[in-house]
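Novice:
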Amino acid sequence: MWYLCVFYHRLLDYRRPEFESLTQLFGEPSSSSDVSLEWKIPKHHHPDSPFHFVNISSEDVARKVANRSILVKGIYELWGEGSSYEELEEAIRNYPDERKFPYLSPESTFKITVDSFGKVINFQEQNDRIKGLSYIPFKGRVNLKNPQHKFCLLETDDYGVNNGLPPVVQRRIFFGREVGSADRKLLPTYQLKSRTYLGPTAMDAEMAFLMANQALVKPGKLVYDPFVGTGSILVAAAHFGAMTMGADIDIRVVRDGRGPDCNVWSNFKQYGLPMPVGLLRADNNLPPWRPGLKEVFDAIICDPPYGVRAGGRKSGGRKLLKGAIDPYTVPDDKRVGHIPSTAPYCLSECIHDLLDLAGRMLVMGGRLVFFYPVLREDNSTEDCFPEHPCFKLIASSEQILSSRYSRVLLTMVKIGPYSEEIALAARIKHLEFRENHLKWLEDGNLHSSVFAPADPQLTATGDSRFSKEPKPKYRGKYV
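Take 398 as the starting number for the sequence shown in my numbering and just add one per residue.
1. Rank 626, 805, 655, 649 by C-alpha distance to the C-alpha of residue 735 and give the top, closest one.
2. Can you tell me whether DSSP reads residue 452 as helix, strand or coil?
3. Measuring only the C-alpha atoms, how far is residue 539 from residue 506?
4. Is residue 344 helix, strand or coil when you go by DSSP?
5. Taking all protein chains shown into account, do 16 or more other C-beta atoms lie within 10 angstroms of the C-beta of residue 478, making it buried, or fewer, making it exposed?
6. Residue 745: which of 497, 688, 680, 784 sits nearest, CA to CA?
7. Just how far apart, CA to CA, sit residue 703 and residue 567?
8. Counting only the same chain and skipping the five closest in sequence on each side, list residues whose C-beta sits under 6 angstroms from that of residue 660.
9. Shortest alpha-carbon distance to residue 831 belongs to which of 665, 764, 803, 748?
10. Roughly how many angstroms lie between the CA atoms of residue 402 and residue 450, to the nearest whole one?
11. Between the alpha carbons of residue 487 and residue 442, how many angstroms are there, rounded?
12. From 599, 553, 668, 531, pick the residue whose C-alpha is nearest to that of residue 627; which is it?
13. Return the Cβ separation of residue 606 and residue 701 in integer angstroms, given the expectation that the two are a contact with Cβ distance under 8 angstroms.
14. At what residue ranges does the stretch 739-822 contain a whole run of the beta strand (DSSP E), taking only runs of 3 or more?
15. Cβ atoms of residue 418 and residue 613: under 9 angstroms apart, would you say?
16. Which class does residue 405 belong to by DSSP, given the choice of helix, strand or coil?
17. Helix, strand or coil for residue 571, going by three-state DSSP, please let me know.
18. Output needed for residue 683: all residues of its chain with C-beta closer than 6 angstroms, excluding positions within five of it in sequence on either side, in chain order.
19. Can you tell me the Cα-Cα spacing of residue 467 and residue 726, whole angstroms?
20. Fully enclosed by the stretch 490-553, which alpha helix (DSSP H) runs are 4 residues long or longer?
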């Protein structure tokens with residue numbers, strides 16, 4: 398059945414991938430890694446419009462998706478639509494009575510909400526629009542606090558391209574019964590500014606919940622973050638009931654934090670969430686797992702270090718890796734407080750190690766969700782993402798951070814077993830991937846590329862008019 402899905406107007410590229418992942422999580426038969434849901438855009442609407450029609454077989458699935466989603470504002474059983482209130486009335490009257498009457502009975506309670514996109518409707522205008530729906534035979538009682546049935550009148554205006562939103566050529570009005578709506582109250586609850594333990598690379602709460610939805614996190618699943626930091630991603634996974642596990646190369650982050658009451662563990666305690674199964678001091682380049690251990694994790698969710706706010710590190714130290722000194726053994730009397738030496742960890746090597754780890758340790762059908770940086774002005778890397786024989790890329794959602802730099806959330810699903818032959822094939826793909834990319838990938842430091850002037854000659858002249866970023870086409874794309 399077709400439903401009207403209304404999204405929040407933000408993170409536009411993330412909306413459909415999150416929705417489709419959640420339909421698969423809740424058992425939608427037509428949604429899988431190979432088959433996408435059927436979507437339609439309302440008449441005269443831009444593809445970035447928050448209004449979408451989606452075909453879902455079950456109202457129960459639609460309700461669960463809406464209640465779990467971060468970017469879905471509401472899902473509605475559409476009773477009618479039109480470019481004017483006359484057309485809307487005709488459409489509602491023609492909607493089958495057997496679909497309407499169960500929600501209009503005298504024993505029921507209901508509430509009607511008026512919402513708009515691209516315009517503001519004051520309280521008096523909202524009341525006038527509700528009174529204009531008197532032709533719908535509501536027989537129940539109005540209950541504004543806890544109604545059994547909720548209805549919504551949604552309106553857009555023919556504002557063109559003048560107010561910074563996706564253009565709408567013609568006014569459109571929708572009326573429908575609410576099937577489910579998102580609960581974004583959890584975002585203020587988990588906002589970073591009120592968190593006990595916070596680091597410079599802590600993942601934003603909204604993005605962490607999106608990543609957890611992309612990974613199909615649910616109770617009973619084991620989720621791993623190999624770059625755990627202050628645990629923001631694992632906090633979101635634990636909120637949805639998953640068992641969590643993390644690792645980080647910096648033992649001070651994992652073990653000490655900023656004191657006994659300000660560490661990764663205190664973040665879980667703050668929200669009353671189950672504690673992680675374990676937090677390890679481990680190197681993604683030299684994983685600690687025994688050779689025979691395979692297919693342990695249901696999902697791996699992470700934000701690899703790519704050198705904008707923090708660079709990647711691996712064990713060894715520069716002198717050891719260059720062969721200037723021999724490997725050493727730490728004396729027993731210095732092991733307690735010893736901090737191993739580390740060396741720079743280039744992005745291409747980091748991503749290869751991450752894919753190799755996921756290929757070995759994810760269960761079949763498990764998901765790998767991670768961010769990957771892109772220099773937007775470089776066409777050779779804009780659409781070139783790392784590959785692995787064990788995985789299939791099922792979603793990529795771009796977040797534009799500046800005129801030169803963006804990051805893409807990649808969602809991969811494991812489709813094949815891991816073996817030594819697969820590992821060798823992955824190594825060959827890694828070498829090809831490294832050869833075809835720019836030097837910043839090998840250096841593992843995006844900072845200079847991101848923050849360097851776009852045109853050094855213009856910047857050298859001191860003319861600030863030419864150093865400003867171009868004005869976005871409309872603000873939703875840059876949120």
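Idealized CB from N, CA, C, for every residue including glycine.
Specialist: With the given structure in hand:
1. Sequence index remark: in the sequence shown, residue 735 carries index 338 (1-based). The option with the nearest alpha carbon to residue 735 is 649.
2. Numbered from its first residue, the sequence shown carries residue 452 at position 55. Strand, per DSSP.
3. For the purposes of this step, residue 539 is identified with residue 142 of the sequence shown, where counting begins at 1. For the purposes of this step, residue 506 is identified with residue 109 of the sequence shown, where counting begins at 1. Computed Cα separation, rounded: 6 angstroms.
4. For the chain, the structure presents residues 398 to 876; residue 344 sits outside this window and is missing.
5. If you number the sequence shown from 1, residue 478 lands on position 81. So residue 478 counts as buried.
6. As a first step, residue 745 is located in the sequence shown; it is residue number 348 there, counting from the start. For the residues 497, 688, 680, 784, the minimum Cα distance to residue 745 belongs to 784.
7. If you number the sequence shown from 1, residue 703 lands on position 306. If you number the sequence shown from 1, residue 567 lands on position 170. Roughly 44 angstroms between the two C-alpha positions.
8. In the sequence shown, residue 660 corresponds to position 263, counting from 1. Counting only Cβ-Cβ distances below 6 angstroms, and skipping sequence neighbours, we find 594, 654.
9. For the purposes of this step, residue 831 is taken as residue 434 along the sequence shown, with counting starting at 1. Ranking the options by Cα distance to residue 831, first place goes to 748.
10. Indexing the sequence shown from 1 puts residue 402 at position 5. Indexing the sequence shown from 1 puts residue 450 at position 53. Those two C-alpha atoms are separated by around 6 angstroms.
11. Within the sequence shown, the letter at position 90 stands for residue 487. Within the sequence shown, the letter at position 45 stands for residue 442. Between residue 487 and residue 442, the C-alpha separation is close to 21 angstroms.
12. As a first step, residue 627 is located in the sequence shown; it is residue number 230 there, counting from the start. Nearest C-alpha to residue 627: 599.
13. For the purposes of this step, residue 606 is identified with residue 209 of the sequence shown, where counting begins at 1. For the purposes of this step, residue 701 is identified with residue 304 of the sequence shown, where counting begins at 1. Not a contact, Cβ separation roughly 19 angstroms.
14. 739-741, 759-772, 788-797, 802-811
15. Translated into positions along the sequence shown, residue 613 becomes position 216. Translated into positions along the sequence shown, residue 418 becomes position 21. Contact: yes.
16. Here the question's residue 405 lines up with position 8 in the sequence shown. If DSSP states are grouped into helix, strand and coil, residue 405 belongs with coil.
17. In the sequence shown, counting from the first residue as 1, residue 571 sits at position 174. Reduced to three states, the DSSP call for residue 571 is strand.
18. To locate residue 683, count along the sequence shown from 1; it is residue 286. 712.
19. The sequence position of residue 467 within the sequence shown is 70, counting from 1. The sequence position of residue 726 within the sequence shown is 329, counting from 1. Looking at the two C-alpha atoms, the distance is approximately 49 angstroms.
20. 494-497, 520-528
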